[in-house]
Amino acid sequence: MSGVSTNGSGPRHGPGEPPAILLQDVRFAYPGTRMAAPALDGVSLAVDPGERVALLGPNGAGKSTLCLHLNGVLRPQAGRVEIGGLPVRGRDLSEIRRRVGLVFQDPDDMLFMPTVAEDVGFGPANLGLPADEVERRTLAALATMGMESAAQRAPHHLSLGQRKRVATAAVLSMDPQVLVLDEPSSNLDPRARRELAERLAELDLTLLLVTHDLPYALQLCERAVVMDAGQVVADGPLRAILADEVLLAAHDLELPYGFAFPALD
Ligand SMILES: Nc1ncnc2c1ncn2[C@@H]1O[C@H](COP(=O)(O)OP(=O)(O)OP(=O)(O)O)[C@@H](O)[C@H]1O
Ligand SMILES: [Mg+2]
């Protein structure tokens with residue numbers, strides 16, 4: 008763990024309110040890989056309701072593996088994962104998946120229906136909600152992501168940035184408490200990148216943002232967790248982490264050339 012820690016910022020959830028995300032000493036190795044070098048090697052993390060946390064770290068650090076544990080796509084071989092106090096386990100998976108919206112890096116892994124509206128309404132329809140409620144949620148989620156005019160279009164006719172917004176809408180239509188975004192800004196042009204950030208900034212939920220794009224993280228998050236080799240190596244205010252050149256260099260984190268942010272108070 009680096010010198011940057013959460014000490015001082017402290018947990019902000021109210022008395023009796025469980026963390027939105029809790030991992031305790033989670034270990035996970037992919038089948039067929041060496042248990043000596045697991046993808047997650049004793050990860051502990053608590054995120055309060057409403058917190059916005061950037062998850063940073065070099066390629067192969069374990070960031071995506073961690074995300075896949077948050078809605079039970081992967082299950083820990085040791086340790087514990089809880090969402091809002093509810094353990095991620097077989098019999099609660101449908102409730103966990105309602106609480107946690109996970110947007111994959113590639114939107115094409117999530118969009119498979121003939122129209123945008125059908126993709127965004129797919130989750131609510133699967134919950135067995137009545138058709139008018141499915142439609143209400145679909146329109147609301149599309150409006151939140153600024154994609155309502157594309158409702159009847161085929162997802163594969165949209166740009167990558169538009170498809171990312173539709174994939175995010177498809178998750179928001181489930182009314183999640185926690186939104187997990189894996190590399191939302193990668194491969195977006197500057198305008199699509201900015202538009203997505205503006206939409207995300209307005210959302211009132213717990214956000215875990217996996218990114219290599221440090222200015223993007225700074226725009227959206229107050230706190231950062233840095234992972235490397237399956238372990239959390241730093242956890243603290245994002246600005247303090249971005250100002251720690253030794254920490255950034257040790258974990259292959261690079262600010263763009265000439266990047267400057269206002270001095271810390
Ligand atoms: N499906 C898989 N099968 C086997 N090993 C995997 C699999 N997916 C990831 N890994 C390995 O697990 C480790 C963690 O990978 P992960 O994808 O979680 O890293 P990451 O931090 O998301 O990296 P990136 O920034 O490149 O997306 C790496 O060593 C990776 O090679
Ligand atoms: Mg990844």
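Using my numbering, read the sequence shown as starting at 8 and increasing by one per residue. Beta carbons are placed, not taken as given, at the ideal position from N, Cα and C, and that holds for glycine. It should be emphasised that the depicted structure is a prediction, and the values quoted were computed from it without experimental measurement.
query: Which whole runs of the alpha helix (DSSP H) in the region 118-156 are 4 residues long or more, in chain order?
result: Here the runs fully enclosed are 123-133 and 138-151.
What number of angstroms, rounded off, separates the C-alpha of Pro-18 from the C-alpha of Pro-121?
As a working note, residue 18 is residue 11 in the sequence shown. As a working note, residue 121 is residue 114 in the sequence shown. The predicted position of Pro-18 is uncertain, since its pLDDT is 47 and thus under 50; a value taken from the coordinates is nonetheless stated next. Pro-18 and Pro-121 have their C-alpha atoms spaced approximately 44 Å apart.
Relative to ligand 1, what is the chain-ordered list of residues with a Cβ closer than 6 Å to any of its non-hydrogen atoms?
Checking every Cβ against the heavy atoms of ligand 1 under 6 Å gives Tyr-37, Thr-40, Ala-46, Gly-64, Asn-66, Gly-67, Ala-68, Gly-69, Lys-70, Ser-71 and Thr-72.
#### Entry: Neighbourhood of His-219 by C-beta, 6 Å cutoff - its chain only, sequence neighbours within 5 removed
Locating residue 219 in the sequence shown gives position 212, counting from the first residue. Contacts found: none.
Assign Leu-265 to one of two classes, buried (16 or more other C-beta atoms within 10 Å of its C-beta) or exposed (fewer than that). Walking along the sequence shown from the start, residue 265 turns up at place 258. First, the residue type needs correcting, since residue 265 is Gly and not Leu in the sequence shown. Burial call: exposed.
Reference Ala-61, options Ala-241, Arg-105 and Glu-252, closest by Cα: Position 54 of the sequence shown holds residue 61. Minimum Cα distance to Ala-61 is reached at Ala-241.
Fill in: Ala-236 to Arg-105 span [Cα, whole Å]
Counting from 1 along the sequence shown, the entry for residue 236 is found at position 229. Counting from 1 along the sequence shown, the entry for residue 105 is found at position 98. Whole-angstrom Cα-Cα distance: 30 Å.
Q. Do Val-50 and Gln-238 come within 8 Å of each other at the CB atom, strictly closer than that value?
A. Position 231 of the sequence shown, counted from the start, is the residue given in the question as residue 238. Position 43 of the sequence shown, counted from the start, is the residue given in the question as residue 50. Yes.
Taking 7 Å as the cut-off, is the beta-carbon of Asp-189 closer than that to any non-hydrogen atom of ligand 2? On the sequence shown, position 182 is the one that residue 189 refers to. At least one heavy atom of ligand 2 falls within 7 Å of the beta-carbon of Asp-189.
| query | When DSSP builds the beta bridges, which residues end up paired with Pro-94? | reply | Position 87 of the sequence shown, counted from the first residue, corresponds to residue 94. In DSSP, Pro-94 forms a bridge with Glu-89.
Any chance you could list the beta strand (DSSP E) runs of at least 3 consecutive residues sitting entirely within the region 35-113, in chain order?
Counting only runs that start and end inside the region 35-113, the beta strand (DSSP E) elements of at least 3 residues fall at 47-54, 59-63, 85-90 and 107-110.
- Item | Ala-236 - DSSP class collapsed to helix/strand/coil | Residue 236 sits at position 229 when you count from the first residue of the sequence shown. Coil, per DSSP.
Residue(s) in a DSSP beta bridge with Val-187
Counted from its first residue, the sequence shown places residue 187 at position 180. Bridge partners of Val-187: Leu-109 and Leu-215.
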